[in-house]
Amino acid sequence: MNKRQFLVAAAIAGIAAAAANPALAAKDGKEKCFGIAKAGANDCASSTGGHACAGQATKDHDPNEWKYVAKGTCTEMGGSLKAGGKS
Amino acid sequence: MADELAAIQRRMADGLLDTEADPVELFRGPPAATAKRLALYRGNLTANWHRALAGAYPVVEALVGESFFHALARRYGRSHDYREGDLNRFGAALPDFLADFEPLAGQPYMADVARLEWALHVAHYGSDAAPMTLAVLAALDPQSLADARIRLHPNVALVASTWAIGRIWRAHQPEATETLPSDPRGGCRLIVHRPRWRAECRAATAGEFAALQSLANGECLGDALERAAAVQADFDPGGAIPRWLEEGLWLAATPPTRQGEHP
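Protein sequence lines correspond, in order, to chains V and B. Under numbering that gives the first Met the number 0, the final residue of the first sequence carries the number 86; numbering is consecutive throughout. Under numbering that gives the first Met the number 0, the final residue of the second sequence carries the number 262; numbering is consecutive throughout.
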């Protein structure tokens with residue numbers, strides 16, 4: 000038996016065993032589904048109800064108002080790195 | 000007339016993207032008041048971009064912080080040639096954008112975190128198509144099984160990275176039991192899928208990843224299993240395949256074509 004035949008035989012054995020297992024075969028796919036909604040991006044109404052549109056209170060006319068400094072959770076991971084992964 | 004309207008619309012759109020180019024002359028009334036209103040309009044635009052991106056990239060937002068993310072959303076929105084009417088698709092180009100985003104050169108894992116989040120986002124809004132059942136496979140004889148070409152479910156994505164993006168992502172989930180790694184280095188292979196309603200990702204073994212990648216490339220199941228065994232000596236197709244089906248990773252099998260009948 001070559002490698003390929005061996006792998007396919009193992010696959011068939013596993014498929015047959017799973018298909019014969021009523022717990023798996025009869026699985027109806029029901030599960031809890033609360034809390035799955037994502038905030039929609041296309042609605043204009045504010046989630047807090049204050050304004051009809053998302054950024055109504057924010058004026059934006061300063062071209063250089065921002066210096067980029069990451070201040071989130073990334074600061075917990077060893078600071079600045081060089082690209083390239085597992086170096 | 001149509002040309003004139005197009006020119007006015009162009010001028011207005013340019014003014015929304017370029018703070019130096021307020022199209023005040025298009026409006027009646029005091030220019031100062033018009034400029035203020037246009038600034039509000041721009042603020043809304045940026046806020047909508049921010050919200051659209053935050054919906055798809057909550058972990059990137061947490062990683063860089065909200066103010067950085069807001070500025071990033073503005074920069075992305077203004078630099079991006081955006082033709083999509085659906086804001087849920089607005090962030091599609093963000094991973095590539097982040098890869099070249101100079102302020103994040105020190106966080107080179109960010110683009111891969113974004114790739115993972117986009118795959119999850121796409122899966123969330125993806126197809127409800129029923130996945131393949133075990134019975135379909137159980138009916139195949141060995142040769143047909145080996146020759147079968149399997150289509151992965153459209154919600155499935157295979158994401159590999161040289162960074163620990165799986166751990167980084169999991170540490171940011173509401174029910175997280177893991178903390179952020181102290182060092183983001185360390186590769187991972189992840190399977191993104193949506194078992195029913197909720198998009199998820201899990202770590203894959205080298206063999207699983209190779210096999211699913213091979214199927215995604217259109218190779219037959221026999222080839223896919225051989226590729227898996229080549230990269231992982233203890234790869235067990237008998238355990239892996241039922242698991243994949245339970246997770247809904249496979250959509251359908253295309254019956255093998257007879258020789259000389261390749262499509």
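Think of the CB as a built atom: it goes at the ideal place given N, C-alpha and C, for glycine as much as any other residue. Predicted model, so just to flag it, every value in this text is computed and none were measured.
Rounded straight-line distance, which links the Cα of residue j to that of residue i
| i | j | result |
| --- | --- | --- |
| Q106/B | D95/B | 14 angstroms |
| V58/B | G90/B | 14 angstroms |
| A159/B | V191/B | 11 angstroms |
| L139/B | L248/B | 19 angstroms |
| E101/B | K70/V | 16 angstroms |
| R197/B | A113/B | 18 angstroms |
| G237/B | C219/B | 17 angstroms |
| E65/B | A51/B | 14 angstroms |
| K37/V | L211/B | 28 angstroms |
| R201/B | E24/B | 55 angstroms |
| R150/B | T176/B | 34 angstroms |
| A98/B | D111/B | 8 angstroms |
| A32/B | L189/B | 52 angstroms |
| A5/B | E83/B | 19 angstroms |
| T72/V | A17/V | 43 angstroms |
| H86/B | R74/B | One point to set straight first is that residue 86/B is Leu, not His, in the sequence displayed. If you take the alpha carbons of L86/B and R74/B, they lie about 16 angstroms apart. |
Residue i, buried or exposed, once every other Cβ within 10 Å from all chains shown has been counted against 16
| i | result |
| --- | --- |
| F5/V | exposed |
| S213/B | buried |
| P30/B | exposed |
| G76/B | buried |
| V264/B | Limits of chain B in this structure are 0 at one end and 262 at the other, which puts residue 264/B out of reach. |
| A12/B | exposed |
| G13/V | buried |
| R226/B | buried |
| A9/V | buried |
Pick from the options that is closest to residue i, judged by C-alpha positions
| i | options | result |
| --- | --- | --- |
| E199/B | A252/B, A34/B, E177/B and A122/B | A122/B |
| Y56/B | H79/B, Y81/B, R88/B and L37/B | R88/B |
| Q142/B | N1/V, K2/V and V7/V | V7/V |
| A223/B | L71/B, P22/B, L144/B and R74/B | L144/B |
| R41/B | G28/B, R27/B, A70/B and A53/B | A70/B |
| A20/B | G28/B, R9/B and R27/B | R9/B |
| K35/B | T18/B, N47/B and L86/B | T18/B |
| L80/V | A72/B, L103/B, V63/B and D99/B | L103/B |
| Y26/B | S181/B, A227/B, I7/B and A118/B | The sequence given here has Phe at residue 26/B, not Tyr. F26/B has its Cα closest to that of I7/B, out of S181/B, A227/B, I7/B and A118/B. |
| T253/B | R148/B, D2/B and A32/B | R148/B |
| A46/B | A72/B, E24/B, E225/B and L189/B | A72/B |
| H241/B | N20/V, N1/V, R3/V and K2/V | According to the sequence shown, residue 241/B is Pro rather than His. It is N20/V. |
| I11/V | A137/B, A228/B and G185/B | A137/B |
| A118/B | M131/B, L179/B and V155/B | V155/B |
| E116/B | P130/B, Q172/B, M131/B and Y81/B | Q172/B |
Own chain residues within Cβ distance below 7 angstroms of residue i, not counting five before or after
| i | result |
| --- | --- |
| V230/B | A205, G206 and A209 |
| G221/B | A145 and D146 |
| A92/B | H79 |
| P194/B | E246 and G247 |
Residues near residue i by beta carbon distance below 8 angstroms, same chain, minus five either side
| i | result |
| --- | --- |
| P153/B | G125, S126, A128 and L250 |
| T74/V | none |
| Y108/B | S160, W162, A163, I164, I167 and P183 |
| G77/V | none |
| L15/B | L37, Y40, R41 and L44 |
| A1/B | none |
| S181/B | none |
| L157/B | R188, L189, I190, V191, A203, F208, L211, Q212 and A215 |
Amino acids of chain V, ordered along the chain, whose beta-carbon sits closer than 9 angstroms to that of residue i
| i | result |
| --- | --- |
| E177/B | Within 9 angstroms Cβ-Cβ: nothing; E177/B doesn't reach chain V, min ~13 angstroms. |
| Q231/B | By Cβ distance, chain V contributes nothing, its closest Cβ being about 12 angstroms from Q231/B, past 9 angstroms. |
Within chain V, the residues that residue i reaches when beta carbons sit closer than 7 angstroms
| i | result |
| --- | --- |
| D13/B | Neighbours of D13/B on chain V: none; closest Cβ ~14 angstroms, over 7 angstroms. |
| L144/B | V7, A10 and I11 |
| I240/B | A10, G13 and I14 |
| E225/B | K2, R3 and L6 |
Own chain, CB closer than 6 angstroms to residue i, minus 5 neighbours either side, in chain order
| i | result |
| --- | --- |
| L133/B | L244 |
| H120/B | A55 |
| E64/V | For E64/V, the predicted model reports a pLDDT of 47, less than 50, meaning its position is unreliable and no value from the coordinates is stated. |
| W48/B | A72 and G76 |
| H60/B | This sequence places Glu at residue 60/B; His is not what is there. Same-chain partners within the cutoff: A53 and F68. |
| P22/B | R10, M11 and G14 |
| F234/B | G206, A227 and A228 |
Under 8 angstroms from the C-beta of residue i: neighbouring residues of chain V
| i | result |
| --- | --- |
| D235/B | A9 and G13 |
Closer than 9 angstroms at the beta carbon, the chain D residues around residue i
| i | result |
| --- | --- |
| S78/B | The structure shown contains no chain D; its protein chains are V and B. |
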